[in-house]
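J.: Take a look at this one; I'll ask things after.
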Amino acid sequence: MMKKWISLILAVAIFAAADFSCSGASVAAPEVSAQSAVLFCVENGSVLFEKDAYERLPMASTTKIMTSLLLCESGRLAETVTVSERAASTEGTAMGLRSGDRVTLRTLLYGMLLSSGNDAANMTAEALAGSVDSFAAQMNARAAQIGMLDTHFANPSGLPDENHYSTAYDMALLARESLRNPVFADICAQQEAQVTFGNPPAAHTLTNHNRLLSTCTGVTGIKTGFTKAAGRCLVSSCERGGLTLIAVTLNAPDDWNDHAALFDYGFSLCKAIKTQYQTKTIQVPVAGGMTSSVAVAGSSELIQILSDSGETDEISVALYHDPFLYAPVRRGQMIGTAKIQINGFILDEIPLIAQSDCPIAEHRDNPWTAFFERIEERLEQFIFFWKDSHG
123 MMKKWISLIL AVAIFAAADF SCSGASVAAP EVSAQSAVLF CVENGSVLFE KDAYERLPMA
183 STTKIMTSLL LCESGRLAET VTVSERAAST EGTAMGLRSG DRVTLRTLLY GMLLSSGNDA
243 ANMTAEALAG SVDSFAAQMN ARAAQIGMLD THFANPSGLP DENHYSTAYD MALLARESLR
303 NPVFADICAQ QEAQVTFGNP PAAHTLTNHN RLLSTCTGVT GIKTGFTKAA GRCLVSSCER
363 GGLTLIAVTL NAPDDWNDHA ALFDYGFSLC KAIKTQYQTK TIQVPVAGGM TSSVAVAGSS
423 ELIQILSDSG ETDEISVALY HDPFLYAPVR RGQMIGTAKI QINGFILDEI PLIAQSDCPI
483 AEHRDNPWTA FFERIEERLE QFIFFWKDSH G
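The structure is reproduced here in structure tokens:
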């Protein structure tokens with residue numbers, strides 16, 4: 123199998139119009155009650171407001187964002203499990219599980235995101251990893267993938283532990299990743315849900331603890347939290363005019379008003395306008411084709427930032443593809459991918475598409491010509507890979 127090749131890394135963009143504008147420097151930043159806070163733009167990863175956003179603090183039940191994300195990604199939501207005595211007796215807030223209850227993993231997801239059930243979180247850990255400790259290891263591995271550099275999970279619920287901490291910024295990264303999962307995004311936005319669990323099964327109504335869903339325009343989630351050690355913690359998302367912002371506050375006595383003020387502030391500065399991005403067209407060599415190469419490019423709708431001066435931030439683009447292709451190549455064929463980043467965040471990963479056909483070369487005059495040319499090509503490819511792997 124061919125080694126993938128990064129053909130190009132550049133800071134170039136072609137835009138028909140500005141996508142995301144930040145203006146109005148005269149708008150005053152809000153005063154927030156939180157010990158730590160951040161206002162984060164989902165579309166481009168920019169921080170619009172921060173207050174000690176990188177300070178390590180306990181994050182209480184907002185921990186369940188990670189537990190819920192791992193459950194969503196497990197592919198096991200339809201499974202039914204029997205609630206253990208250990209999970210049912212978990213201290214703190216609960217969705218009402220009892221030992222011996224039968225419950226689907228999807229219902230546990232509702233129990234975490236709406237009722238903030240510690241029982242649901244621990245049962246999820248047991249179902250997915252066998253124990254709370256094993257599941258915490260999975261949580262930390264996923265956090266590392268997301269880039270949560272100042273986070274460590276000790277349990278799936280957020281109960282106090284000196285080795286259980288995060289930052290407002292890291293929790294914004296987690297929220298952004300979680301919103302990309304459609305199941306997570308759908309459930310955390312629901313104010314109320316009807317579920318069934320028990321032994322025998324019975325209907326239950328779960329109510330979301332997130333008051334902002336009904337009091338703040340555009341709020342779409344995500345999760346509340348509270349312990350005496352952590353104080354009031356809140357991670358919320360809000361969409362207005364095609365733009366999504368995430369607000370995180372840790373230890374915030376007045377968190378509802380903090381978030382409302384942060385969103386009003388952020389949306390007063392920013393607006394989203396969709397625009398088309400086009401990568402640079404490159405030529406990828408083709409072995410055994412009627413032409414020696416084929417044109418390759420990709421396109422996508424992206425959001426960019428316009429500064430007050432009207433200048434755009436540079437977008438870095440890395441094109442990943444094989445160093446050469448074998449004929450035939452067909453127009454519309456996916457050749458590789460383009461990873462587009464701004465501020466260190468991947469905005470989009472789009473396919474690189476062949477722009478034309480390249481059929482196999484014909485050799486009517488001498489049937490041996492194609493045979494020897496193929497041997498020559500294979501030899502050149504072997505030399506190329508040997509040199510590449512040996513520096």
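Heads up: the sequence shown begins at 123 in our numbering, then just goes up one per residue. Note that beta-carbon positions come from the ideal geometry of N, C-alpha and C, so glycine has one too.
If you pair each beta-carbon of the region 171–182 with each one of the region 239–246, do three or more pairs fall below 8 Å?
T.: Judged by Cβ distances under 8 Å, the region 171–182 makes no contact with the region 239–246, as fewer than three pairs qualify.
J.: Could you tell me if E314 is buried or exposed, where buried requires 16 or more neighbouring beta carbons within 10 angstroms of its beta carbon?
T.: When all chains shown are included, E314 counts as exposed.
J.: Quick one: grab the DSSP three-state call for C194.
T.: C194 falls in the helix class under three-state DSSP.
J.: Can you list, in chain order, the residues of its chain with a C-beta nearer than 6 Å to that of V305? Leave out the 5 residues immediately preceding and following it.
T.: For V305, where only same-chain residues beyond five positions count, the Cβ hits under 6 Å are C194.
J.: Do the CB positions of S478 and R452 come within less than 7 Å of each other?
T.: Not in contact: S478 and R452 (Cβ atoms no closer than 7 Å).
J.: Can you round the beta-carbon distance between S238 and P375 to whole angstroms, since I take them to be within the 8 Å contact cut?
T.: S238 to P375, Cβ: 19 Å. No contact.
J.: If we ignore side chains and look at the alpha-carbon of each, how far apart do L179 and N277 end up?
T.: If you take the alpha carbons of L179 and N277, they lie about 15 Å apart.
J.: Is the beta carbon of L365 less than 7 Å from the beta carbon of C392?
T.: Yes, the Cβ-Cβ distance between L365 and C392 is below 7 Å.
J.: Could you compute how far the alpha carbon of S390 sits from the alpha carbon of S221?
T.: Rounded to the nearest angstrom, the two C-alpha atoms are 50 Å apart.
J.: Looking at the strands, I want to know which residues DSSP matches up with H326.
T.: According to DSSP, H326 bridges with V317.
J.: Find the nearest neighbour of P152 within the set H443, E201 and A382, judged by alpha-carbon distance.
T.: Selected option, being the one with the closest Cα: A382.
J.: How far does the beta strand (DSSP E) with Q405 in it reach, from first residue to last?
T.: Residues I404 to A409.
J.: Excluding the 5 residues preceding and the 5 following Q463 in the sequence, name in chain order all residues of the same chain whose CB lies nearer than 6 Å to its CB.
T.: S438.
J.: Classify A266 as buried or exposed, calling it buried when 16 or more other Cβ atoms lie within 10 Å of its own Cβ.
T.: Classification for A266: exposed.
J.: Figure out for me which residue from Y387, G218, M293 and L441 has the closest Cα to the Cα of G269.
T.: For the residues Y387, G218, M293 and L441, the minimum Cα distance to G269 belongs to M293.
J.: Which residues share a DSSP beta bridge with D174?
T.: Per DSSP, none; premise fails for D174.
J.: What residues match up with E284 in a beta bridge as DSSP calls it?
T.: Bridge partners of E284: none, in fact.
J.: Hey, C360 and G340: beta-carbon distance below 7 Å or not?
T.: Yes, they are a contact pair.
J.: For P278, write down the residues that DSSP places opposite it in a beta bridge.
T.: Answer by DSSP bridge pairing: none, since P278 is not bridged.
J.: For D255, count neighbouring Cβ atoms within 10 angstroms of its own Cβ and tell me buried if that reaches 16, exposed if not.
T.: Exposed: under 16 other Cβ atoms inside 10 Å.
J.: According to DSSP, which residues form a beta bridge with S359?
T.: DSSP, once it has assigned bridges, lists G343 and I368 as partnering S359.
J.: State whether the region 311–329 contacts the region 277–292, with contact taken as three or more CB pairs (one from each stretch) at a distance under 8 Å.
T.: Cβ pair count under 8 Å is below three, so no.
J.: To test your reading of the DSSP string, which unbroken beta strand (DSSP E) runs of 3 or more residues are found completely within the region 199–244?
T.: Here the runs fully enclosed are 202–204 and 224–226.
J.: Could you have a look at C338 and say whether DSSP puts it in helix, strand or coil?
T.: Of the three classes helix, strand and coil, the one that applies to C338 here is coil, per DSSP.
J.: In three-state terms, what does DSSP make of V164?
T.: Looking at V164 - three-state DSSP - the assignment turns out to be coil, as it is neither helix nor strand.
J.: Would you mind sorting N321 into buried or exposed? The rule is 16 or more other CB atoms within 10 Å of its CB.
T.: Per the 10 Å Cβ criterion, exposed.
J.: Using alpha carbons as the reference points, say which of L334, L192, A182 and R228 lies closest to G214.
T.: Comparing Cα-Cα distances from G214 to each of L334, L192, A182 and R228, the minimum goes to A182.
J.: Let me make sure I understand the geometry here. Which of D380, L384 and T185 has the alpha-carbon closest to that of T273?
T.: When each option's Cα is compared against that of T273, the closest is T185.
J.: Do L592 and V406 have their C-beta atoms within less than 7 Å of each other?
T.: Because residue 592 is not part of the residues shown, which for the chain are 123 to 513, the question remains open.
J.: Let me confirm a value: G363 is counted as buried when at least 16 other C-beta atoms fall within 10 Å, else exposed. Which label applies?
T.: When all chains shown are included, G363 counts as exposed.
J.: Does the ligand COA have even one heavy atom less than 6 Å from the beta-carbon of M270?
T.: Because no ligand of any kind appears in the structure shown, any question about the ligand COA cannot be addressed here.
J.: Pick helix, strand or coil for A476, following the three-state DSSP scheme.
T.: Strand.
J.: Of the residues L301, V317, A352 and V160, which one's Cα is nearest the Cα of P282?
T.: The shortest Cα separation from P282 among L301, V317, A352 and V160 belongs to A352.
J.: Terminal residues of the continuous alpha helix (DSSP H) containing P152?
T.: Neither: P152 is in no alpha helix (DSSP H) and is coded neither H nor E.
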